Structures are given as structure tokens and as C-alpha cells.
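Working notes, beginning with the structure itself.
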Amino acid sequence: MNHMKRGCESRAGKGRQSIQLPVINLAGNQESGIRKSKTSRWRAATLVTVNLLMVAHFIQWRLMRTTISPIEPSETMYTLQQGAVNAGFIFFALAILATLILGRFVCGWGCHILALQDLCGWLLKKLGLNPKPFRSRLLVFVPLVGALYMFVWPTAYRAFSKPDDEPLIPQFTNHLVTSNFWETFPSLAVAIPFLFVCGFMTVYFLGQKGFCTYACPYGGFFSLADKIAPAKIRVTDACNQCGHCTATCTSNVLVHLEVKQYAMVVDPGCMKCMDCISVCPNDALYFGFGKPAVAVPKTLGPARLHSLTWPEEIIAAAIFLASFLAIWDVYLIVPMLMALGWATITTFLALRTWRLFRARDLAFYRFSLKASGQIKHAGWVFAGFAVLWIGLNVHSGWIRYNEFEGERAFQRIQIPDELALAQANPGPWLSEIDRQSIIVGTKHLQAASSLGFFTNSAALSKLAWFVYLAGDADRSLQLLALVTDYQQGQAKALSLYYSGAILNRLGRYEQARVTLERALAERPDLILAREEMGEALWQLGRKDEALGVWSDAVQRNPGLVLANNQLAGALVSLGRPAAAIVYEKQADQVTPENPLFHWMIALRLANLGMKELAEKHFQKAIDLDPSLQARRPN
Ligand code: SF4
Ligand code: SF4
Ligand code: SF4
Numbered sequence: 001m002n003h004m005k006r007g008c009e010s011r012a013g014k015g016r017q018s019i020q021l022p023v024i025n026l027a028g029n030q031e032s033g034i035r036k037s038k039t040s041r042w043r044a045a046t047l048v049t050v051n052l053l054m055v056a057h058f059i060q061w062r063l064m065r066t067t068i069s070p071i072e073p074s075e076t077m078y079t080l081q082q083g084a085v086n087a088g089f090i091f092f093a094l095a096i097l098a099t100l101i102l103g104r105f106v107c108g109w110g111c112h113i114l115a116l117q118d119l120c121g122w123l124l125k126k127l128g129l130n131p132k133p134f135r136s137r138l139l140v141f142v143p144l145v146g147a148l149y150m151f152v153w154p155t156a157y158r159a160f161s162k163p164d165d166e167p168l169i170p171q172f173t174n175h176l177v178t179s180n181f182w183e184t185f186p187s188l189a190v191a192i193p194f195l196f197v198c199g200f201m202t203v204y205f206l207g208q209k210g211f212c213t214y215a216c217p218y219g220g221f222f223s224l225a226d227k228i229a230p231a232k233i234r235v236t237d238a239c240n241q242c243g244h245c246t247a248t249c250t251s252n253v254l255v256h257l258e259v260k261q262y263a264m265v266v267d268p269g270c271m272k273c274m275d276c277i278s279v280c281p282n283d284a285l286y287f288g289f290g291k292p293a294v295a296v297p298k299t300l301g302p303a304r305l306h307s308l309t310w311p312e313e314i315i316a317a318a319i320f321l322a323s324f325l326a327i328w329d330v331y332l333i334v335p336m337l338m339a340l341g342w343a344t345i346t347t348f349l350a351l352r353t354w355r356l357f358r359a360r361d362l363a364f365y366r367f368s369l370k371a372s373g374q375i376k377h378a379g380w381v382f383a384g385f386a387v388l389w390i391g392l393n394v395h396s397g398w399i400r401y402n403e404f405e406g407e408r409a410f411q412r413i414q415i416p417d418e419l420a421l422a423q424a425n426p427g428p429w430l431s432e433i434d435r436q437s438i439i440v441g442t443k444h445l446q447a448a449s450s451l452g453f454f455t456n457s458a459a460l461s462k463l464a465w466f467v468y469l470a471g472d473a474d475r476s477l478q479l480l481a482l483v484t485d486y487q488q489g490q491a492k493a494l495s496l497y498y499s500g501a502i503l504n505r506l507g508r509y510e511q512a513r514v515t516l517e518r519a520l521a522e523r524p525d526l527i528l529a530r531e532e533m534g535e536a537l538w539q540l541g542r543k544d545e546a547l548g549v550w551s552d553a554v555q556r557n558p559g560l561v562l563a564n565n566q567l568a569g570a571l572v573s574l575g576r577p578a579a580a581i582v583y584e585k586q587a588d589q590v591t592p593e594n595p596l597f598h599w600m601i602a603l604r605l606a607n608l609g610m611k612e613l614a615e616k617h618f619q620k621a622i623d624l625d626p627s628l629q630a631r632r633p634n
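For the sequence shown, the numbering used here begins at 1 and goes up steadily by one.
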């Protein structure tokens, strides 16, 4: 038996503690006499199957256009917020239940991100690089905070903010089957970097389970459930503390110490891969039921490894938070999970670079970064990469700041969209706050969109609105046309609707019709686009088609004020006043007693030449607010 001792990287730091393993030559298990795990092949096969099933699910949807909704825990958010019961929610609920009994089997044997992490760890070992765990005492809470934010906060927020007559638990609806499988996922252009950052880079910098330990919100709940689970890796008297189990564990669990101390593995990071059982030369480990981890008092403290001193921990938490806020949702493309993984890497790089300039000697893997106070070639490469990476964070933070300020200005806009879109120039209706917000918002969104590395569809679509309000409808149309190339689903349909509405106001009815057709192809239920479509057709002289579109809109939603008025006005114009009365009454029943709302309807009807009905709404608006008399168009 090889009794080489492993010194820990933590030796360099004051306040950090080290541990010595009895057997460990991590360069290769065969050399160190550790037998090969028999279960690792089974697990690899299972994880490959999981990935193949995911690909098959995607292909089946592409071929048949309808499938089971994504089996992805993040979908649970839609169940909690909107009552949409989907396959992801059922899977996550069952996975937590299973973990409560058996521990983290689902993580170890069923997670596609873990498969990537294992693949990366395996590739690195083939290259002779053994990922070392980064051990932080504060950042380990990130997954739990992430889980609370994703799954508990929306419900709590709803409880406090919902109207009194709304139930706390939303009405459940069936979303087990979907035709829009990819709707809640990022585009492939985001998914690939996401998998690379979370599945590979986290392993390279933070150790084999870097993403699980410091970023995955699902892991936050799985860890808690694991502590309660009665099924554990347990030990018999045959253990001689050889350390093979710890050397093999890719979840960085100190197996030999834990089983000595507690007679079982209590670390919630244990993914139940069973490798330790398989490699134990004395067959001392087994998987069995008994006391859960919460039931045993923890006394392992001094043996724990820490990569950071307490002041470094606090700095690490601050860097993590800053990086996360800079990256999350920047350009409206970076998902939360990717931002969490990204921020852990930023934290590691920043602290390691700091140490590079302070320590006398520093190594990363087998590369010497600094020796006897001299920064080596590898050290400069490391520092260069870290500066680039941190620079990317700073740039993203700056973009995010401009997006945030632009959004704040956007939220301050007072003029209702419907009124602004009722005429080609909304200028006379703008308040002082509107004018100020347009100036401030345009400045920030211009900066966010022109100096970003990617087309910023979030910033550009708001900028298009500011530009329209400022009176430049043509430029607004150009911006919206640019944005729609990068959008999909609801967002794309809305941009096309706004383009169509502006084109209608500019009298470019054929262009409006084509644009609105695209909006409705994207989202057939977008009633606003249907109202505008009827308007374009009416102005093009295709009056029967316009009637058909408005009738369809009213059939879908009898409470539509504008569509009912358009339909009534159209029937009067076509000499069918008796038929018009039904729709006029239907509209009057639901029209709010709001002068601006009546004014908006009046403007739209006047534009269509439906003078009689327009006059009725102008008059009603003036009755409610006599000051509007002065604004009356000739
Ligand atoms: S913690 Fe998250 S990423 Fe890691 S195995 Fe579990 S579910 Fe997968
Ligand atoms: S459990 Fe087995 S592998 Fe682990 S220290 Fe004991 S004898 Fe060695
Ligand atoms: S402690 Fe054993 S079962 Fe748990 S992750 Fe480590 S090797 Fe796998």
C-alpha cells in the first residue's frame, strides 16, 4: 500500500486547516493500489442514457410538434406562480420525495449537468490534471438561497401582493403536454455556453462538483432532503482507515473520516454514486437504512478543509454577488443558473489572482504560477485570463446598469400605450415626467444597445418605444425590425404588433397587414394584433375580410371594447345599423368611465371614417373631462 501523504493547497493561508490522507496518489488510482469502481461504468451508462433520452424527447417534439412538457425542475416555477402543472414539477416533486428517503440518487444517477461535470473531470484526468475542490464556507449557501429565490419567494411575494379576492394557491391547469417545448429555454446560442460554463469551467476551476456545490439551486433542496434521508453510506468494523474511499470520491466527501466519526457519510454533497463502496478493499462500506444525518451531532470541524480565511470568505461573497448581478439576465439572455456558475468562477479567479501577487509560491494544478516570489510564465497567462474574465464582468455590469436605468425610465412613462398608438404623433399627450423619462431612458438604452457585445433586444425594444414617443416613428420601426430578428414567441409577436400599429397610424396599410399577419402567425391569440389587422384590411378596402377579423376577435373575447366598436362602426358604414346595435351595446357595458379611454376609441374610429360612433366617444370623453374640448381634432 502506498502511504504517500497529500498536502493540501490550504497550507499557504493563515486560518486554513489541512488534512492528511493515509493513501493518496491522485495521479492514478492504479499506481496507488486503489481498485477500480465497478459501479462507475453503470453510472456512466445511466447518465449517457439520460442524455440520449433528452435528445430523443427533443427530436420527437421536432417531428410531431407536440410532446410532454420539459422534464426540468425549473418548470416548477410556473406551477407555483401560475398553477400550470407540468412534467418538470412532477419530476422535481418525485425527486425530492425520493431524496428524502434514499438521499441524492437523482443527482448522482439522473442529472445531465452532473454528467457533463463527470465527463469534464474524466477528460481532465486523462490529461493528467486532477480537479481540486475549492472549499468555501460562505458560498456553499448559494444553492439554498437560489432555491428559496426560485421556489419560495414567488409564493411569498404572491401572498403579500395579491388582491384580496385572489386565492393564494393559483387554480391548477394541465400543462403536461405542450406544442411549444422550447418556450421556457434559452436559445441554442445561450444553451451551449451555459453547458460549457456550468458543466466544464466550474469543474476546471472549482473541482469536480463545483457547479453542484456552489451554484445549483436544485442542489440546495436536495442537500436539505439528504440530511433527513435514513438511507446512507454506512460502515462496518472492517474499516482500517486506508483512505481509498476518500481518494475515489468525486464529490469531495471525506469518506474515511466521516465513517470513522459517525459510522456513516453525513456530508449532503454525497451523490450516492456508490464508488466508495465498490473500491473499499475491506468491503467495509454498505448502503443501508438507519439514523439520518440530522440526528448525529457534528464534531468533525477541525478536520475540514477550507480554501479561504474568514476575511477572504467575506470578500469572496461580495465578489460573487457583484459578478452575479452583473451577469444575470444581461442582454436578456443569461439565465440565472448560468450566472450562478459564472459568478463562482469569477470569485475563484479574482481571489487566486489576488493571491498570485501576494503569496511567495503558488501553483494551479501541476503548473507553478509563482515560485520564490517570481511570477512564472503560467502565472502571467493565468492573470491575463483572469483580467479578461473580470473585465467581461465589469463590461456586463455596465450594460446591466444602463439596462436597469433604462427600465426604470420606461416604468415611469405615464401615457397609456393605447392612447400613444391612437395617433401618429403622441407628442401633445406627453406629460413632463414622460418627456424627462424619454430623455433619460433613451440615453441609457442607447448606451446599453450600442456598446454591448450582442444585439440587445431588451434594450432595443424599449428604445423603439421611447423613439416613437419622441416623434420619430420611422426610426422606431427600424429598431423594431432589428429586434424581431432576435426574438421569438410572445416577445416577437408583441414587437410585430407594435410595428403593425405604427404602420397603420402612418397610413402604410399594406405593410401593416403583412407585419400583423406575422404577429398573428407567432401568437394567434394576440387580440390587439387582430384589432389592428382589421383596421389595415378596412383601410385597404378589403371590408369583408376586416369584418371577419373583428368578428373573430369578438368571438374569442366578447368583452373587447375596441373590437366591438370597430365591428359596430363597420356594420353601420355597410348599411347594417340593426346588426351594429348588439356590438355597440356589448362595448358600452364594459367601457371604463375614463375620458382618455373614450378619446382613444374616438380617435381610432375617426381614423377609420366611422364618424358617428367616433363622435359619441369624443362627446363622452369631453363630458367626463371638459378640458379635452380644446384638443378636439377638426
Ligand atoms: S446539484 Fe444540481 S447540477 Fe448537481 S447533480 Fe444535483 S441537480 Fe444536478
Ligand atoms: S471504508 Fe474502506 S476504503 Fe474507506 S477507509 Fe475504510 S477500509 Fe478504507
Ligand atoms: S461518499 Fe461515496 S457514494 Fe457518496 S459521492 Fe462519495 S464516493 Fe459516491
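We treat Cβ as the ideally placed atom computed from N, Cα and C, and that holds for glycine. Note that the structure is predicted; figures quoted are calculated from it, not measured.
- Cβ contact annotation for Pro281 (same chain, cutoff 7 Å, sequence separation greater than five): Arg35, Cys242 and His244, in chain order.
- In the structure shown, the three-state DSSP call for Ile399 is helix.
- By alpha-carbon distance to Ser461, the top candidate from Leu257, Arg513 and Gln487 is Gln487.
- In this structure, ligand 1 has a non-hydrogen atom nearer than 7 Å to the beta-carbon of Ile113.
- Judged by their CB atoms, Leu148 and Arg158 are not nearer to each other than the 8 Å cut-off.
- Contact between Leu94 and Cys212 is absent: CB atoms are separated by about 20 Å, not below the 8 Å threshold.
- Out of Met150, Lys620, Ser457 and Leu571, the CA that lies nearest to the CA of Asp588 is found in Lys620.
- Distance from Ala464 to Asn456 at the Cβ level is roughly 12 Å; contact not present, criterion being Cβ atoms closer than 8 Å.
- A direct Cα-Cα distance of roughly 14 Å separates Val294 from Ile233.
- According to the DSSP secondary-structure assignment, Thr67 is paired through a beta bridge with Thr178.
- Within the chosen limit of 7 Å, ligand 1 does not reach the beta carbon of Gly534 with any heavy atom.
- By the 16-neighbour rule on beta-carbons within 10 angstroms, Ser323 is buried.
- In this chain, Ser136 is not harboured by any beta strand (DSSP E), its DSSP state being neither H nor E.
- Exposure of Ile101 is indicated by the presence of fewer than 16 other C-beta atoms within 10 angstroms of its C-beta.
- Secondary structure remark: continuous beta strand (DSSP E) runs of at least 3 residues inside the region 349–426, in chain order: 362–364 and 367–371.
- The beta carbon of Ile438 lies closer than 8 Å to those of Ala409, Ile413, Leu430, Phe466, Leu469 and Ala470 in the same chain, with the five residues before and after it left out.
- Residue environment for Lys298: exposed (fewer than 16 other C-beta atoms within 10 angstroms of its C-beta).
- A straight line joining the alpha-carbon of Gly569 with that of Leu605 spans about 7 Å.
- Using a Cβ distance threshold of 8 Å, Ser278 and Lys209 do not count as a contacting pair.
- Contact between the region 381–393 and the region 306–315 is absent: fewer than 3 CB-CB pairs across the two stretches fall below 8 Å.
- By the neighbour-count criterion, in which 16 or more other beta carbons inside 10 Å mark a residue as buried, Val387 falls on the exposed side.
- Spatial neighbours of Val483 in its own chain (CB-CB distance under 6 Å, excluding positions within 5 residues in sequence) are listed in chain order as Ser457, Leu460, Ser461 and Ser495.
- Pairing Cys239 with Ser136, the inter-Cα distance amounts to about 29 Å.
- For Gly33, the Cβ stays outside the 7 Å cut-off from all heavy atoms of ligand 2.
- Rounded to whole angstroms, Trp342 and Pro70 show a C-alpha spacing of 24 Å.
- In the DSSP annotation of this structure, the continuous segment of the alpha helix (DSSP H) that includes Phe205 starts and ends at Thr202 to Leu206.
- Going by DSSP, Ala231 is part of the beta strand (DSSP E) stretching over Ala231 to Val235.
- The closest heavy atom of ligand 3 lies 7 Å or more from the beta carbon of Cys212.
- Pairing Glu522 with Gly121, the inter-Cα distance amounts to about 42 Å.
- Proximity to ligand 2 was defined by a C-beta distance below 6 Å to any of its heavy atoms, and the residues meeting it, in sequence along the chain, are Val235, Cys239, Asn240, Gln241, Cys242, Gly243, His244, Cys245, Val255, His256, Val259, Cys280, Asn282, Ala284 and Leu285.
- Counting the other Cβ atoms within 10 Å of the Cβ of Met264 gives 16 or more, which makes it buried.
- Between the beta-carbon of Lys272 and that of Arg104 there is about 6 Å, and that keeps the pair under the 8 Å contact cut.
- Contact between the region 413–428 and the region 354–367 is absent: fewer than 3 CB-CB pairs across the two stretches fall below 8 Å.
- Assignment of Met264 by DSSP, reduced to helix, strand and coil, places it in the strand class.
- Relative to the non-hydrogen atoms of ligand 3, the Cβ of Thr248 comes within a distance shorter than 7 Å of at least one.
- Per the coordinates, the alpha-carbon of Lys132 lies some 20 Å from the alpha-carbon of Ala317.
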